[in-house]
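Enquirer:
Protein chains: 2
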Amino acid sequence: MDLVIGIDIGGTKTKIGLVNKEGECLEKTFFRTKEYPNLDHYLDQVQNVSNELLSKYNGSNVLGCGIGAPNASSKNGTIENASNLLWKGSVPILSELQKRMDMPMRIMNDASAAALGEMLFGNAKDISDFIAITLGTGFGAGIVANGQLIDGFDGFAGELGHVDMTIGDGRLTGLGVKGGLEAYVSATGLKRTIMYMLSKYLVDSRFRGIAYNDLHGEDITQAAEEGDEIAIKAFDYTAKIMAQAMANFTAFTQPEAFILLGGLVNSGKWILEPLETYFDEFLLEVYKGKVKIMLSGMKGKTAAICGAAALIWEKQNT
Amino acid sequence: MDLVIGIDIGGTKTKIGLVNKEGECLEKTFFRTKEYPNLDHYLDQVQNVSNELLSKYNGSNVLGCGIGAPNASSKNGTIENASNLLWKGSVPILSELQKRMDMPMRIMNDASAAALGEMLFGNAKDISDFIAITLGTGFGAGIVANGQLIDGFDGFAGELGHVDMTIGDGRLTGLGVKGGLEAYVSATGLKRTIMYMLSKYLVDSRFRGIAYNDLHGEDITQAAEEGDEIAIKAFDYTAKIMAQAMANFTAFTQPEAFILLGGLVNSGKWILEPLETYFDEFLLEVYKGKVKIMLSGMKGKTAAICGAAALIWEKQNT
């Protein structure tokens, strides 16, 4: 059987799995990224875990290893200045890993990997123009136009989390961009908006008793379910800015669909219903009724691994 | 000799020319678009003018007709809801013109046509990722990624003049977008900014004696040359917002270059010098030093015609 190793490098977890041609993740595991501040130790751990997984599939044919990571350059094989990772500067991760695991390898921005995953295995099999948005700790985007993923000049296309929404007068992102989208639309952005709503309104809320550092996305969804006004206002505010950004993005490549992935999507109707309403409101007349908002077609917990594996499976098909 | 008819439909002028394989405009003329509010009369005029030009090139082989127009859909062959044109709604311009002139035809957003022109005849012959920006009455963009023009789902990609820069709280564009880029960065935007600066500062200026309707772009350049502070502040403000938008666009497709065309570019250093400075300031670290700002490589007065003709020449080459 042909298999591909899919690796999703996240700020919190590194997920590794084995993915077959149908995009099924047959075996998977994870470890905590921050436990390996030293890059060499980290890569040794990746190698060990990969070998462990592969040992269960003796005799299978490993076609390669695909990696999704924040701030990854597909063209340089590097991760550069990722604000959520401990390794600083330009990290030549592909060449270093290749020394340990001799097989075809590709690395890509995690959201671009997710977009490839949707094309091969998910909801974008018949869509030539779409944007995949990953809503995790940060905000990532993978842009597909004319049926091709857009890489950019040296592989850093799609860094939409750092698009300024306010002509230089708003919240700072982790990269110091004032008014950057990610500072509003992400799990972190939602937490910051809870603080903002507590400052703006006097209405009672469970969040008056919870410190910022103790706040989790699931709590905010739970509070909304229970009618907490601060939570509901925070979702509405997040959805409004996200809708504005998506209306702007539509003017760029005119996607047929946005495909949403990541933790924030688990908040369900609290984010999605106002998002649909505002998006329709903000969209230019010429685009109205033509742009779908879809959820990922990949299974939630393995979507990132399968997206990473798609980097290798894509090359097999061409 | 093989020739292509290039037609640039603008809010003020319709320019028609004959363009050879080298991108040289051998013959050209124009008429005022607004003198033909009736579409049939307009198209008759296009046909007559084209025949007149062609009569000078008897025996040459006409390969087709390329059209650049605001709000044109390449996929539908229409112009839709163009705020600078008199014909309202969805105008099936390609099929109607085809009835009069039986030859291969393509239509495209004027800025996308300009981008194709730069690829074939201008400064983007060796650039796979770039964005052409036309700064005329409005703001247009033609986006090239992976060496291909991005059309979008039904041909309306690149409507960046209507990107909101202010989270819904700014000047209205002609399409009613609050805070839309075009309301700031265009010949019209610059005029509006002169008014804004007159409201903000008390300093003396020649513009205190000129009505909005009597204001022209060339006057503003001239005033800056003479040290008029209001003019200089207006250029600085325009350049700052344009730089912010271009930094945002860079995060989208990571172009290797922006290529600038159109009337506002004639203001030269007054717009270009602050643009360079602010752009470098706003650009994310990962993009710094990698994105060039270039001027068009096509001759100013015929660039739009040659861009339109490129729609047909491109198909000859493939």
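Protein sequence lines correspond, in order, to chains A and U.
Just so we're aligned, residue 17 is where the first sequence starts under the numbering used here, counting upward by one.
Just so we're aligned, residue 17 is where the second sequence starts under the numbering used here, counting upward by one.
Backbone N, C-alpha and C define an ideal beta-carbon position, used for all residues, glycine too.
Give me the residue from A:102, A:26, A:137, A:110 with the minimum Cα distance to residue 86 (chain A).
Expert: Taking the first residue of the first sequence as position 1, residue 86 (chain A) is located at position 70. Comparing Cα-Cα distances from residue 86 (chain A) to each of A:102, A:26, A:137, A:110, the minimum goes to A:26.
Enquirer: Pairing CB atoms from the region 308-322 of chain A with CB atoms from the region 29-41 of chain A, are three or more of them under 8 Å?
Expert: As far as the Cβ criterion goes, the region 308-322 of chain A touches the region 29-41 of chain A, which means the pair count is three or higher.
Enquirer: Contact criterion: CB-CB distance below 7 Å. Does residue 109 (chain U) meet it with respect to chain A?
Expert: The residue given as residue 109 (chain U) occupies position 93 in the second sequence. Not closer than 7 Å to any Cβ of chain A, the Cβ of residue 109 (chain U) fails to qualify, so no.
Enquirer: With DSSP run on the structure shown, which of helix, strand or coil describes residue 264 (chain A)?
Expert: The residue given as residue 264 (chain A) occupies position 248 in the first sequence. Here residue 264 (chain A) sits in helix by DSSP.
Enquirer: Identify each residue in the region 159-173 of chain A for which the Cβ-Cβ distance to at least one residue of chain U is less than 9 Å, and report them in chain order.
Expert: Cβ contacts with chain U come from 159, 161, 162, 164, 165, 166, 167, 168, 169, 170, 171, 172, 173.
Enquirer: Report the CB separation of residue 257 (chain U) from residue 307 (chain U) in whole angstroms; it is logged as a contact under 8 Å.
Expert: On the second sequence, position 241 is the one that residue 257 (chain U) refers to. On the second sequence, position 291 is the one that residue 307 (chain U) refers to. Wrong, their Cβ atoms sit about 17 Å apart, outside the cutoff.
Enquirer: Any residues in the region 83-105 of chain A with a beta carbon nearer than 9 Å to a beta carbon of chain U? Which ones, in chain order?
Expert: Those would be 87, 89, 96, 97, in chain order.
Enquirer: Using alpha carbons as the reference points, say which of U:169, U:147, U:211 lies closest to residue 262 (chain U).
Expert: Taking the first residue of the second sequence as position 1, residue 262 (chain U) is located at position 246. Answer by Cα proximity: U:147.
Enquirer: Cα-Cα, which of U:242, U:254, U:94, U:44 is closest to residue 181 (chain U)?
Expert: Here residue 181 (chain U) corresponds to residue number 165 of the second sequence, with the count starting at 1. Considering only alpha carbons, the answer is U:254.
Enquirer: With DSSP as the reference, identify every bridge partner of residue 21 (chain U), one or two as the case may be.
Expert: Translated into positions along the second sequence, residue 21 (chain U) becomes position 5. According to DSSP, residue 21 (chain U) bridges with U:34, U:81.
Enquirer: Which whole-angstrom value describes the C-beta separation of residue 155 (chain U) and residue 112 (chain U), a residue pair presumed to lie in contact below a C-beta threshold of 8 Å?
Expert: Counting from 1 along the second sequence, the entry for residue 155 (chain U) is found at position 139. Counting from 1 along the second sequence, the entry for residue 112 (chain U) is found at position 96. About 28 Å; that fails the 8 Å criterion.
Enquirer: Looking at chain A, which residues of the region 289-318 of chain U have a Cβ within less than 8 Å of any of its Cβ atoms?
Expert: Listed by position along the chain: 298, 300, 301, 302, 303, 306, 307.
Enquirer: In terms of alpha-carbon separation, which member of U:52, U:289, U:73 lies closest to residue 41 (chain U)?
Expert: For the purposes of this step, residue 41 (chain U) is taken as residue 25 along the second sequence, with counting starting at 1. Per the Cα distances, U:73.
Enquirer: Taking only the alpha-carbon atoms, compute the straight-line gap between residue 288 (chain A) and residue 326 (chain U) and give it to the nearest angstrom.
Expert: As a position in the first sequence, residue 288 (chain A) is number 272, starting the count at 1. As a position in the second sequence, residue 326 (chain U) is number 310, starting the count at 1. For residue 288 (chain A) and residue 326 (chain U), the distance between alpha carbons rounds to 43 Å.
Enquirer: Which stretch, first to last residue, makes up the beta strand (DSSP E) that contains residue 151 (chain A)?
Expert: Within the first sequence, numbered from 1, the residue matching residue 151 (chain A) stands at position 135. Taken as a continuous stretch (DSSP letters only), the beta strand (DSSP E) holding residue 151 (chain A) covers 146-151.
Enquirer: What residues match up with residue 241 (chain U) in a beta bridge as DSSP calls it?
Expert: For the purposes of this step, residue 241 (chain U) is taken as residue 225 along the second sequence, with counting starting at 1. According to DSSP, which records beta bridges pairwise, residue 241 (chain U) is partnered with nothing at all.
Enquirer: Within 7 Å (strictly less), CB to CB, does residue 176 (chain A) reach chain U?
Expert: Sequence index remark: in the first sequence, residue 176 (chain A) carries index 160 (1-based). Answer yes: the Cβ-Cβ gap between residue 176 (chain A) and chain U drops below 7 Å somewhere.
Enquirer: Please report the Cβ distance between residue 158 (chain U) and residue 203 (chain U), rounded to the nearest whole angstrom; I am assuming they are in contact, meaning their Cβ atoms lie under 8 Å.
Expert: Position 142 of the second sequence, counted from the start, is the residue given in the question as residue 158 (chain U). Position 187 of the second sequence, counted from the start, is the residue given in the question as residue 203 (chain U). Actually they are not in contact, since the Cβ atoms of residue 158 (chain U) and residue 203 (chain U) sit about 18 Å apart, beyond 8 Å.
Enquirer: Could you pull the start and end residues of the alpha helix (DSSP H) that residue 67 (chain U) belongs to?
Expert: In the second sequence, residue 67 (chain U) corresponds to position 51, counting from 1. Here the alpha helix (DSSP H) through residue 67 (chain U) covers 55-71.
Enquirer: Restricting to runs no shorter than 3 residues, where is the beta strand (DSSP E) found entirely within the region 96-171 of chain U?
Expert: If we require 3 residues or more, the beta strand (DSSP E) runs fully inside the region 96-171 of chain U come out as 121-125, 146-151, 155-161.
Enquirer: Let me know if residue 68 (chain A) comes out buried or exposed under the rule of 16 or more other beta-carbons within 10 Å of its beta-carbon.
Expert: On the first sequence, residue 68 (chain A) is found 52 positions in, with the first residue counted as 1. Classification of residue 68 (chain A): exposed, given that the 10 Å Cβ count is below 16.
Enquirer: What is the DSSP secondary structure of residue 48 (chain U), counted as helix, strand or coil?
Expert: Reading the second sequence from its first residue, position 32 is the one you call residue 48 (chain U). The answer is strand: DSSP assigns residue 48 (chain U) an E or B state.
Enquirer: Mind listing, in chain order, the continuous alpha helix (DSSP H) runs of no fewer than 4 residues lying wholly within the region 175-232 of chain A?
Expert: Taking only runs of at least 4 residues, the alpha helix (DSSP H) segments lying wholly in the region 175-232 of chain A are 203-216.
Enquirer: What does the Cβ neighbour count give for residue 125 (chain A), buried or exposed, with the cut at 16 atoms within 10 Å?
Expert: For the purposes of this step, residue 125 (chain A) is taken as the residue at position 109 of the first sequence. Residue 125 (chain A) should be labelled buried.
Enquirer: When Cβ atoms are compared, which residues of the region 264-280 of chain U fall closer than 8 Å to chain A?
Expert: Those residues of the region 264-280 of chain U that come within reach of chain A (Cβ to Cβ, closer than 8 Å) are 264, 265, 267, 268, 269, 270, 271, 272.
Enquirer: Comparing alpha-carbon positions, which option in U:174, U:54, U:141 lies nearest residue 268 (chain A)?
Expert: Taking the first sequence and counting its residues from 1, the one referred to as residue 268 (chain A) is at position 252. When each option's Cα is compared against that of residue 268 (chain A), the closest is U:174.
Enquirer: Exposed or buried, residue 207 (chain A), counting other C-beta atoms within 10 Å across all chains shown (16 or more means buried)?
Expert: Walking along the first sequence from the start, residue 207 (chain A) turns up at place 191. Counting Cβ neighbours within 10 Å, residue 207 (chain A) comes out buried, since at least 16 surround it.
Enquirer: Determine the extent of the alpha helix (DSSP H) in which residue 285 (chain A) is found, giving its start and end residues.
Expert: Position 269 of the first sequence, counted from the start, is the residue given in the question as residue 285 (chain A). Note, residue 285 (chain A): alpha helix (DSSP H), 285-298.
Enquirer: If the cut-off is 7 Å on Cβ atoms, which residues from the region 215-246 of chain U count as contacting chain D, listed in chain order?
Expert: No chain D is part of this structure, whose protein chains are labelled A and U.
Enquirer: Measure how close the beta-carbons of residue 149 (chain A) and residue 78 (chain A) come, nearest whole angstrom, since I'm counting them as under 8 Å.
Expert: Your numbering for residue 149 (chain A) matches position 133 in the first sequence. Your numbering for residue 78 (chain A) matches position 62 in the first sequence. Not a contact, Cβ separation roughly 31 Å.
Enquirer: Give the interface partners of residue 179 (chain U) over in chain A, defined as CB-CB distance under 7 Å, in chain order.
Expert: Numbered from its first residue, the second sequence carries residue 179 (chain U) at position 163. Ordered by position in chain A, the residues that pass the 7 Å Cβ test against residue 179 (chain U) are 264, 267.
Enquirer: So, for residue 108 (chain U): in the same chain, excluding its five sequence neighbours on each side, which residues have a beta-carbon less than 6 Å away from its beta-carbon?
Expert: Position 92 of the second sequence, counting from 1, holds the residue named residue 108 (chain U). Taken in chain order, the residues that qualify are 94.
Enquirer: Compute the Euclidean distance between the alpha carbons of residue 210 (chain U) and residue 98 (chain U), then round it to the nearest angstrom.
Expert: Here residue 210 (chain U) corresponds to residue number 194 of the second sequence, with the count starting at 1. Here residue 98 (chain U) corresponds to residue number 82 of the second sequence, with the count starting at 1. Rounded to the nearest angstrom, the two C-alpha atoms are 25 Å apart.
Enquirer: Taking 6 Å as the limit between beta carbons, can you name the residues of its chain near residue 219 (chain A), skipping five residues before and five after?
Expert: The count along the first sequence starts at 1 and reaches residue 219 (chain A) at position 203. Here the set comprises 245.
Enquirer: Would you say residue 252 (chain U) lies against chain A (beta-carbon separation less than 7 Å)?
Expert: As a position in the second sequence, residue 252 (chain U) is number 236, starting the count at 1. Not closer than 7 Å to any Cβ of chain A, the Cβ of residue 252 (chain U) fails to qualify, so no.
Enquirer: Identify the continuous beta strand (DSSP E) that holds residue 273 (chain A) and give its terminal residues.
Expert: By one-based count along the first sequence, residue 273 (chain A) stands at place 257. From DSSP, the beta strand (DSSP E) with residue 273 (chain A) extends over 273-277.
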